[in-house]
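Taking this note's numbering, I'd label the letters of the sequence shown as residues 42 to 922.
Every residue gets a Cβ at the ideal spot worked out from N, C-alpha and C, and that includes glycine.
Predicted model only: the values in this text are computed from it and were never measured.
The next block holds one structure in the form of structure tokens; read it before the comments.
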Amino acid sequence: MRDAQPQSIYLKDYCQPEYWINQTELTFELQEDATVVTAVLTLEANNAGNQSGVLELQGQQLELLQLALDGTTLAADAYTVTDDSLTITGLAQQHQLSIVTRIDPAANTALEGLYRSGGMYCTQCEAEGFRRITYYLDRPDVMSVFTTHIIADGERYPVMLSNGNCIADETLADGRRQVSWLDPHRKPAYLFALVAGDLLHKEDHFTTMSGRDVTLRIFVEPQNIDKTEYALDALKRSMRWDEEVYGREYDLDIFMIVAVDDFNMGAMENKGLNVFNSSCVLANPATATDAAYQRIEAIVAHEYFHNWSGNRVTCRDWFQLSLKEGFTVFRDASFSADMHSATVKRIEDARMVRTVQFAEDGGPMAHPVQPDSFIEIANFYTVTIYEKGAEVVGMIHKILGADGFRKGSDLYFERHDGQAVTIHDFVAAMEDANGIDLTLFKRWYKQAGTPVVSAEVDYRADEQALYLTLRQQCPDTPGQTNKQPMWIPVQLGLLDANGQDLPVQVTPSVNAAGMETWTAASQVLHLTEAEQTFVFSGLESQPVLSLFRDFSAPVKVEFEQSAQDLLFRLQHDSDGFNRWDAGQRLMLGWIDQARLDEFELPEDARQVMAELLSDDTLDPAMVSYLLTLPSEAYIAEFSDQVDPHAIHLGRQRVRLAMAMALNEQFAACYQRLLSHAEYQPEPQQMAARTLKNLALSYWSVASDAGVRQALAQFGSSDNMTDQMAALQALICSGDDELAQQSLEAFYQQWQNDALVVNQWLSVQAGSADLGTLSRIQQLLEHEAFDWRNPNKIRSVIGAFANQALCHFHAQDGSGYRLLADAVIRLNATNPQIASRLLTPLTKWRRLVPALSEQMKEQLERVAAQPDLSRDVYEIVSKSLA
Ligand code: 0A1
Ligand code: ZN
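Here is the structure:
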């Protein structure tokens with residue numbers, strides 16, 4: 042909580058610390074009422090620092106019990122303590138500083154630092170949670186060897202874990218148990234972790250490429266022991282993949298994962314001891330959907346990959362966050378692409394970037410992938426840092442090719458192993474390994490906002506040539522105007538009248554950065570100036586252009602293509618991503634039309650879609666994406682001024698039109714894919730279920746037979762994917778009583794499984810058919826709801842505000858008020874969650890005036906609260922600025 046206005050921190054102010062902490066020895070005495078932490082720090086002056094002999098350590102919510110320098114207790118006038126620091130003056134080159142503090146994990150509702158979740162103790166130290174454990178140089182460039190002793194009642198806490206290897210396990214004279222861990226790898230404090238509880242574990246082993254045996258363990262509360270198998274399998278596949286694709290081997294004898302129910306984010310890559318939100322690691326067929334399985338696989342991989350991209354090579358400061366996050370998301374996306382369909386993964390990622398990241402980039406919180414300032418770093422774990430950061434790494438991969446990129450990553454890991462470095466260092470390794478100059482490209486890290494690329498074509502029959510003029514422009518964002526052109530890789534193809542790719546001859550063949558503009562393998566043009574014209578020759582007739590294949594750059598594309606060309610590309614484009622993109626553009630056009638009038642599916646489109654549905658040579662997951670309408674949030678991003686109710690109406694009409702026109706095809710597709718094989722969370726089955734359940738969703742919108750089938754599937758499924766899809770179809774059936782009964786039956790069946798109950802909360806709160814305000818109020822008062830648990834808050838309030846858009850944007854402003862009330866309430870207990878929930882309210886400027894005003898009022902109401910956390914203050918103040 043603040044007394045004065047929170048201040049911004051700037052990248053340009055970075056300087057090295059005055060001291061290093063070479064060794065950190067921590068002793069935790071875990072007691073029910075409080076925990077006593079003794080920290081013994083081996084300090085060494087940093088000769089590149091300012092050498093003032095002053096050491097300022099960070100600390101929050103700590104009670105200082107003792108302070109001793111080289112064994113002598115410090116007199117009270119030798120140091121100063123404030124709400125968030127401890128400063129000691131007059132220091133020499135080397136010291137041993139010991140600090141004893143008392144903390145109260147049971148009262149820690151912010152879930153940063155050491156806290157309790159259920160019956161266990163756990164930690165979350167990224168980004169600045171360690172300062173809630175002891176006074177420390179809590180910054181990522183201070184790396185230390187950690188030894189941890191955990192002392193507790195061995196009966197209540199039979200499992201006591203920390204980073205590294207277990208080096209001792211003993212019973213103390215007073216009967217308490219002490220377990221000690223040593224992590225030989227130097228690391229910043231944000232990677233520290235401790236867990237203690239009455240947990241069970243599943244164990245497996247992995248033999249690394251050099252033949253070392255690694256013990257793998259997943260720790261869970263006893264009721265979850267049957268939900269660990271998939272994560273263990275995903276972990277082993279990730280370890281193998283990182284060896285094969287990046288040459289990276291694991292470096293400790295044991296790798297542990299712990300599942301906790303109360304967690305602010307998805308998971309955390311603490312060295313050798315990952316802590317996971319239970320929703321991101323626990324699964325069995327009866328309780329987890331295919332989507333949950335895929336999320337688990339991706340997050341297990343993500344956290345594991347951080348062992349190199351993040352832990353072995355870490356960030357110098359938090360402005361470099363995307364160094365580890367963008368790169369690691371890029372790595373986990375490549376892994377998922379290899380495990381499933383690369384095209385489908387690309388579609389999912391592009392959809393996310395277009396819906397969520399473009400919205401952030403176009404709003405008040407827009408920031409570069411490498412921000413130059415922040416108020417609260419916890420607010421910068423954003424889609425820009427993660428997903429746009431990954432796209433930027435992906436463009437480097439496109440520019441260099443797979444082999445060049447691997448040379449660059451090898452050099453990066455080799456050069457910087459054990460260091461805390463910058464984004465500049467990453468790019469320099471890519472440049473040096475490939476002899477290329479990426480200076481121009483680095484603007485992607487510095488300039489916020491989504492570039493808009495417009496394309497104009499001019500086919501000249503007499504020259505047999507196509508002139509393609511590309512122009513780029515990037516809108517102003519808070520604090521940034523007059524942006525420079527970016528280096529934009531444009532992957533493309535030209536389709537002949539049969540839909541086949543034509544050979545490409547293009548001039549100019551070299552771009553400003555000296556890159557060859559086009560090779561058959563890369564199929565990439567490099568747009569590096571504000572405007573460039575490319576000439577494609579040898580074309581006997583006008584080809585159909587397929588631009589930005591594979592979503593080759595995170596840009597908005599303005600290119601008028603006729604409905605006929607779009608349909609043609611939906612049918613023929615050899616690039617799966619662009620097939621999907623053409624279909625989405627076509628559907629956006631229909632939805633736009635349907636806002637104003639009834640809609641009927643055009644006959645040519647009906648035929649193409651019917652063919653897709655019956656073609657069993659296609660990947661069913663791909664077909665399912667081709668026939669899925671853009672979400673309301675996605676549509677909003679393609680509108681200048683957002684009218685959520687018009688969008689909802691238009692989309693509903695198109696959905697109904699598709700369901701009616703293709704009713705028989707959806708029914709037949711469903712029947713064809715119905716399977717009685719035992720459920721397996723494996724790619725082919727998953728793909729088939731995706732399409733089967735999409736078919737069910739359309740089928741049940743348009744016919745009673747479809748609803749009856751949904752009911753049958755609901756009652757007979759042995760897996761959550763099918764049961765949940767059926768429940769969703771029943772909710773959308775328009776039969777309120779049926780929806781009610783099904784929801785009630787579902788709750789009766791699953792009320793003892795917290796993760797399934799969360800899905801039950803979110804399917805109701807996020808539903809356009811149900812998610813009215815009074816239902817949200819009921820859910821907030823339900824026995825299954827808990828204001829202390831982030832997953833439950835996300836399941837109800839998050840789902841409501843981000844998915845049930847027609848209710849959230851209720852004309853009377855009641856949806857906004859509900860969200861603002863929740864934010865105000867959570868500001869006091871869990872600022873990180875409060876501030877994340879705020880995101881939908883930051884979009885007020887883009888709404889139609891009547892809604893915009895009401896949303897702004899709610900933001901102002903939040904802003905006027907006393908005692909705003911830094912987290913919430915930053916978002917509201919920037920949104921209103
Ligand atoms: N580094 C983690 C994400 C994470 C970030 C912050 C947290 O607390 C504020 C927790 C987790 C990852 O990328 O998975
Ligand atoms: Zn990460």
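Could you tell me the alpha carbon to alpha carbon distance between residue i and residue j, rounded to whole angstroms?
| i | j | result |
| --- | --- | --- |
| M42 | R911 | The predicted model places M42 with a pLDDT of 44, which falls under 50 and marks its position as unreliable; any figure quoted below should be read in that light. Their backbone Cα atoms lie some 7 Å apart in a straight line. |
| F640 | A702 | 11 Å |
| I464 | R456 | 14 Å |
| E211 | R353 | 31 Å |
| M663 | V385 | 6 Å |
| A332 | R157 | 29 Å |
| K884 | C356 | 31 Å |
| K277 | G313 | 14 Å |
| S375 | V889 | 39 Å |
| P881 | V649 | 37 Å |
| H136 | L110 | 7 Å |
| L659 | A623 | 17 Å |
| Q514 | M471 | 27 Å |
| N265 | M297 | 16 Å |
| S893 | R835 | 24 Å |
| F368 | G351 | 9 Å |
| D413 | L362 | 12 Å |
Please list the terminal residues of the continuous alpha helix (DSSP H) segment that includes residue i.
| i | result |
| --- | --- |
| N868 | 855 to 870 |
| T369 | 362 to 380 |
| P890 | 890 to 904 |
| E824 | No alpha helix (DSSP H) holds E824; DSSP gives it neither H nor E. |
| D451 | 430 to 457 |
| A623 | 617 to 635 |
| C847 | 846 to 849 |
| K277 | 270 to 287 |
| C710 | 704 to 714 |
| E678 | 673 to 678 |
| M765 | 761 to 772 |
| F399 | 399 to 402 |
| L796 | 795 to 806 |
| S783 | 777 to 791 |
| F755 | 745 to 757 |
Tell me, which residues are paired with residue i by DSSP?
| i | result |
| --- | --- |
| H190 | T68, S221 |
| W61 | E85 |
| P530 | H567 |
| V77 | E70, R143 |
| K228 | S185 |
| Q264 | Answer by DSSP bridge pairing: none, since Q264 is not bridged. |
| R258 | E244, M297 |
| R512 | S495, E572 |
| S414 | Y51 |
Does any C-beta atom of chain C lie closer than 8 Å to the C-beta of residue i?
| i | result |
| --- | --- |
| F446 | Absent from the structure is chain C; it holds one protein chain and no more. |
Provide the residue span of the beta strand (DSSP E) that contains residue i, from first to last.
| i | result |
| --- | --- |
| L237 | First, the amino acid is wrong: residue 237 is Ala here, not Leu. 235 to 238 is the span of the beta strand (DSSP E), which, as asked, contains A237. |
| Y345 | Here Y345 belongs to no beta strand (DSSP E); instead the alpha helix (DSSP H) covers 331 to 346. |
| Q107 | 104 to 110 |
| R647 | Per DSSP, R647 belongs to no beta strand (DSSP E); it is in the alpha helix (DSSP H), 644 to 655. |
| M250 | Neither: M250 is in no beta strand (DSSP E) and is coded neither H nor E. |
| R501 | 493 to 501 |
| S203 | 200 to 203 |
| L127 | 126 to 129 |
If residue i and residue j are in contact, beta carbons under 8 Å, what's the gap, nearest whole angstrom?
| i | j | result |
| --- | --- | --- |
| F360 | Q411 | 6 Å |
| L96 | I140 | About 11 Å separates the two Cβ atoms, so there is no contact after all. |
| G534 | D616 | 6 Å |
| V683 | R887 | 5 Å |
| Y176 | G288 | The Cβ separation is near 40 Å, so there is no contact. |
| S593 | V531 | 6 Å |
Looking at the ligand PLP, does it come within less than 7 Å of residue i, judged from the CB to the closest heavy atom?
| i | result |
| --- | --- |
| E310 | This structure simply doesn't include the ligand PLP; it includes the ligand 0A1 and the ligand ZN instead. |
*Considering only residues of the region 136 to 160, which uninterrupted beta strand (DSSP E) runs meet the minimum length of 3 residues and lie entirely inside it, listed in chain order?*
154 to 158
*Of all the beta strand (DSSP E) runs that stay within the bounds of the region 532 to 603, which reach a length of 3 or more residues?*
534 to 536, 565 to 568, 572 to 577, 585 to 587, 597 to 599
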